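Colleague: In our numbering, the protein residues as written are 95 to 274. Don't be surprised by glycine CBs; every beta carbon is placed ideally from N, CA and C. Quantities reported herein were computed from a predicted structural model and do not represent experimental measurements.
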(Lines of atoms letter the chains of each structure in order from A and count residues from 1; the text may use other names and numbers.)
(Lines give C-alpha, C1' and ligand atoms only; values in the text may rest on other atoms or scores of the structure.)
Protein backbone atom coordinates (compact mmCIF):
# COMPACT_ATOMS: atom_id res chain seq x y z
CA UNK A 1 0.00 0.00 0.00
CA UNK A 2 2.77 2.46 0.88
CA UNK A 3 4.74 1.70 -2.28
CA UNK A 4 1.69 2.41 -4.41
CA UNK A 5 1.03 5.53 -2.38
CA UNK A 6 4.59 6.76 -2.95
CA UNK A 7 4.39 6.04 -6.68
CA UNK A 8 1.06 7.86 -6.95
CA UNK A 9 2.48 10.87 -5.11
CA UNK A 10 5.49 10.93 -7.43
CA UNK A 11 3.26 10.73 -10.53
CA UNK A 12 1.02 13.55 -9.26
CA UNK A 13 4.07 15.68 -8.43
CA UNK A 14 5.55 15.03 -11.88
CA UNK A 15 2.25 15.87 -13.56
CA UNK A 16 1.95 19.08 -11.57
CA UNK A 17 5.51 20.06 -12.44
CA UNK A 18 4.81 19.39 -16.10
CA UNK A 19 1.73 21.61 -15.94
CA UNK A 20 3.66 24.36 -14.17
CA UNK A 21 6.56 24.15 -16.61
CA UNK A 22 4.28 25.26 -19.47
CA UNK A 23 3.07 28.34 -17.59
CA UNK A 24 5.71 30.51 -19.25
CA UNK A 25 9.38 31.40 -19.13
CA UNK A 26 8.97 33.58 -16.04
CA UNK A 27 7.33 30.84 -13.96
CA UNK A 28 9.40 29.63 -10.98
CA UNK A 29 10.85 26.14 -10.97
CA UNK A 30 8.56 23.46 -9.60
CA UNK A 31 10.47 22.03 -6.66
CA UNK A 32 9.07 20.65 -3.48
CA UNK A 33 10.57 19.14 -0.39
CA UNK A 34 9.49 15.54 0.21
CA UNK A 35 6.62 15.54 2.75
CA UNK A 36 8.47 13.04 4.97
CA UNK A 37 11.46 15.36 5.11
CA UNK A 38 9.15 18.32 5.74
CA UNK A 39 7.52 16.52 8.66
CA UNK A 40 10.92 15.63 10.14
CA UNK A 41 12.19 19.21 9.80
CA UNK A 42 8.97 20.60 11.27
CA UNK A 43 9.25 18.19 14.21
CA UNK A 44 12.87 19.23 14.81
CA UNK A 45 11.97 22.93 14.59
CA UNK A 46 9.18 22.42 17.12
CA UNK A 47 11.52 20.51 19.43
CA UNK A 48 14.16 23.24 19.29
CA UNK A 49 11.84 26.27 19.28
CA UNK A 50 12.33 27.06 22.94
CA UNK A 51 15.73 25.46 23.43
CA UNK A 52 18.33 27.92 24.68
CA UNK A 53 20.26 29.16 21.68
CA UNK A 54 22.08 32.23 20.56
CA UNK A 55 20.42 34.82 18.36
CA UNK A 56 23.01 34.03 15.69
CA UNK A 57 21.73 30.44 15.54
CA UNK A 58 18.17 31.72 15.05
CA UNK A 59 19.30 34.07 12.29
CA UNK A 60 21.13 31.17 10.61
CA UNK A 61 17.99 29.00 10.86
CA UNK A 62 15.89 31.77 9.27
CA UNK A 63 18.47 32.14 6.49
CA UNK A 64 18.48 28.38 5.83
CA UNK A 65 14.69 28.24 5.80
CA UNK A 66 14.55 31.26 3.48
CA UNK A 67 16.93 29.41 1.17
CA UNK A 68 14.64 26.35 1.24
CA UNK A 69 11.65 28.57 0.52
CA UNK A 70 13.44 30.21 -2.40
CA UNK A 71 14.56 26.81 -3.69
CA UNK A 72 10.89 25.79 -3.81
CA UNK A 73 10.22 28.79 -6.06
CA UNK A 74 8.85 31.04 -3.33
CA UNK A 75 11.53 33.76 -3.26
CA UNK A 76 9.02 36.56 -2.61
CA UNK A 77 7.61 34.71 0.37
CA UNK A 78 11.15 34.09 1.66
CA UNK A 79 11.92 37.81 1.37
CA UNK A 80 8.71 38.73 3.23
CA UNK A 81 9.50 36.26 6.00
CA UNK A 82 13.03 37.69 6.35
CA UNK A 83 11.66 41.24 6.55
CA UNK A 84 9.15 40.13 9.19
CA UNK A 85 11.94 38.47 11.19
CA UNK A 86 14.07 41.61 11.02
CA UNK A 87 11.08 43.65 12.24
CA UNK A 88 10.52 41.27 15.15
CA UNK A 89 14.21 41.42 16.04
CA UNK A 90 14.17 45.23 15.92
CA UNK A 91 11.02 45.50 18.04
CA UNK A 92 12.37 42.98 20.57
CA UNK A 93 15.66 44.85 20.79
CA UNK A 94 13.99 48.22 21.25
CA UNK A 95 11.58 46.90 23.86
CA UNK A 96 14.39 45.31 25.86
CA UNK A 97 16.13 48.67 26.09
CA UNK A 98 13.21 50.28 27.93
CA UNK A 99 13.04 49.35 31.62
CA UNK A 100 9.27 49.75 32.09
CA UNK A 101 6.99 46.94 33.21
CA UNK A 102 4.62 47.28 30.25
CA UNK A 103 7.40 47.19 27.69
CA UNK A 104 8.90 44.14 29.44
CA UNK A 105 5.74 42.12 28.77
CA UNK A 106 5.76 43.20 25.11
CA UNK A 107 9.46 42.34 24.91
CA UNK A 108 8.63 38.86 26.22
CA UNK A 109 5.97 38.45 23.52
CA UNK A 110 8.44 39.59 20.86
CA UNK A 111 11.06 37.11 22.09
CA UNK A 112 8.46 34.31 22.06
CA UNK A 113 7.47 35.27 18.52
CA UNK A 114 11.13 35.14 17.55
CA UNK A 115 11.43 31.66 19.08
CA UNK A 116 8.51 30.17 17.14
CA UNK A 117 9.17 32.15 13.95
CA UNK A 118 11.07 29.35 12.19
CA UNK A 119 8.24 26.91 12.84
CA UNK A 120 5.73 29.23 11.19
CA UNK A 121 8.09 29.99 8.33
CA UNK A 122 8.69 26.35 7.45
CA UNK A 123 5.07 25.36 8.03
CA UNK A 124 3.89 28.02 5.57
CA UNK A 125 6.31 26.70 2.95
CA UNK A 126 5.16 23.16 3.59
CA UNK A 127 1.49 24.14 3.30
CA UNK A 128 2.13 26.07 0.09
CA UNK A 129 4.16 23.37 -1.65
CA UNK A 130 2.78 20.05 -0.38
CA UNK A 131 -0.30 18.49 -1.90
CA UNK A 132 -2.80 16.89 0.46
CA UNK A 133 -2.43 13.48 -1.19
CA UNK A 134 1.35 13.58 -0.81
CA UNK A 135 1.01 14.46 2.87
CA UNK A 136 -1.52 11.66 3.39
CA UNK A 137 0.87 9.19 1.75
CA UNK A 138 3.76 10.38 3.90
CA UNK A 139 1.70 10.07 7.08
CA UNK A 140 0.49 6.60 6.09
CA UNK A 141 4.12 5.64 5.40
CA UNK A 142 4.91 6.77 8.96
CA UNK A 143 2.04 4.55 10.23
CA UNK A 144 0.04 7.46 11.63
CA UNK A 145 -3.52 6.33 12.52
CA UNK A 146 -6.19 7.18 9.94
CA UNK A 147 -7.86 9.73 12.24
CA UNK A 148 -4.56 11.58 12.53
CA UNK A 149 -4.02 11.50 8.76
CA UNK A 150 -7.50 12.91 8.17
CA UNK A 151 -7.01 15.65 10.78
CA UNK A 152 -3.69 16.76 9.29
CA UNK A 153 -5.07 16.71 5.74
CA UNK A 154 -8.08 18.82 6.74
CA UNK A 155 -5.78 21.27 8.51
CA UNK A 156 -3.49 21.39 5.46
CA UNK A 157 -6.45 22.36 3.25
CA UNK A 158 -7.82 24.89 5.77
CA UNK A 159 -5.14 27.56 5.41
CA UNK A 160 -5.18 27.92 1.60
CA UNK A 161 -9.00 27.93 1.66
CA UNK A 162 -9.01 30.61 4.36
CA UNK A 163 -6.58 32.68 2.30
CA UNK A 164 -8.74 32.39 -0.83
CA UNK A 165 -11.88 33.33 1.09
CA UNK A 166 -10.16 36.35 2.60
CA UNK A 167 -9.01 37.48 -0.85
CA UNK A 168 -12.57 37.06 -2.17
CA UNK A 169 -14.02 39.16 0.65
CA UNK A 170 -11.40 41.86 0.08
CA UNK A 171 -12.22 41.92 -3.67
CA UNK A 172 -15.94 42.17 -2.91
CA UNK A 173 -15.35 45.07 -0.53
CA UNK A 174 -13.14 46.83 -3.06
CA UNK A 175 -15.79 46.43 -5.79
CA UNK A 176 -18.36 47.99 -3.47
CA UNK A 177 -16.09 50.95 -2.78
CA UNK A 178 -15.07 50.00 0.75
CA UNK A 179 -11.28 49.84 0.69
CA UNK A 180 -9.53 48.51 3.78
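Using DSSP with H/G/I as helix, E/B as strand and the rest coil, what is residue 242?
Modeller: Note: residue 242 maps to helix in three-state DSSP.
Colleague: When the distance is taken between beta carbons, is residue 136 closer than 8 Å to residue 272?
Modeller: No. Outside cutoff.
Colleague: Report the option in 249, 178, 154 and 202 whose CA atom is closest to the CA atom of residue 222.
Modeller: Comparing Cα-Cα distances from residue 222 to each of 249, 178, 154 and 202, the minimum goes to 249.
Colleague: Does the structure place the stretch 143-158 close enough to the stretch 221-240 that three or more beta carbon pairs sit under 8 Å?
Modeller: Not touching, per the Cβ criterion.
Colleague: Using 10 angstroms around the beta-carbon of residue 229, count the other beta-carbons present and answer buried if the total reaches 16, otherwise exposed.
Modeller: Buried.
Colleague: Rounded to the nearest angstrom, how far is the Cβ of residue 172 from that of residue 163, given a contact under 8 Å?
Modeller: Yes, they are in contact, since the Cβ atoms of residue 172 and residue 163 sit about 4 Å apart, within 8 Å.
Colleague: Leaving out the 5 sequence neighbours to the left and right, which residues in its chain are closer than 7 Å to residue 160 when beta-carbon positions are compared?
Modeller: Closer than 7 Å at Cβ, skipping near neighbours: 172, 175 and 176.
Colleague: Could you check what DSSP says for residue 161 in three-state terms: helix, strand or coil?
Modeller: Three-state result, residue 161: helix.
Colleague: Need the endpoints of the alpha helix (DSSP H) that residue 231 sits in, please.
Modeller: 226-235 is the span of the alpha helix (DSSP H), which, as asked, contains residue 231.
Colleague: Within this structure, are the beta carbons of residue 198 and residue 186 separated by less than 8 Å?
Modeller: Going by C-beta atoms, residue 198 is not nearer than 8 Å to residue 186.
Colleague: Within this structure, are the beta carbons of residue 213 and residue 267 separated by less than 8 Å?
Modeller: Not closer than 8 Å, so no.
Colleague: Helix, strand or coil, according to DSSP, for residue 152 in the structure here?
Modeller: It is helical.
Colleague: Around the Cβ of residue 146, are there at least 16 other Cβ atoms within 10 angstroms (buried) or fewer (exposed)?
Modeller: Residue 146 should be labelled exposed.
Colleague: In whole angstroms, give me the CA-to-CA distance for residue 238 and residue 130.
Modeller: Approximately 12 Å, taken between the alpha carbons.
Colleague: Can the beta-carbon of residue 207 be found closer than 8 Å to that of residue 182?
Modeller: Yes. Within cutoff.
Colleague: Where does residue 216 land, buried or exposed, given buried means 16+ other C-beta within 10 angstroms?
Modeller: Counting Cβ neighbours within 10 Å, residue 216 comes out buried, since at least 16 surround it.
Colleague: Residue 143 to residue 211, Cα distance in whole Å?
Modeller: Roughly 8 Å between the two C-alpha positions.
Colleague: State the Cα-Cα distance for the pair residue 257 and residue 264, rounded to the nearest angstrom.
Modeller: So the two alpha carbons sit approximately 11 Å from each other.
Colleague: Assign residue 132 to one of two classes, buried (16 or more other C-beta atoms within 10 Å of its C-beta) or exposed (fewer than that).
Modeller: Burial call: buried.
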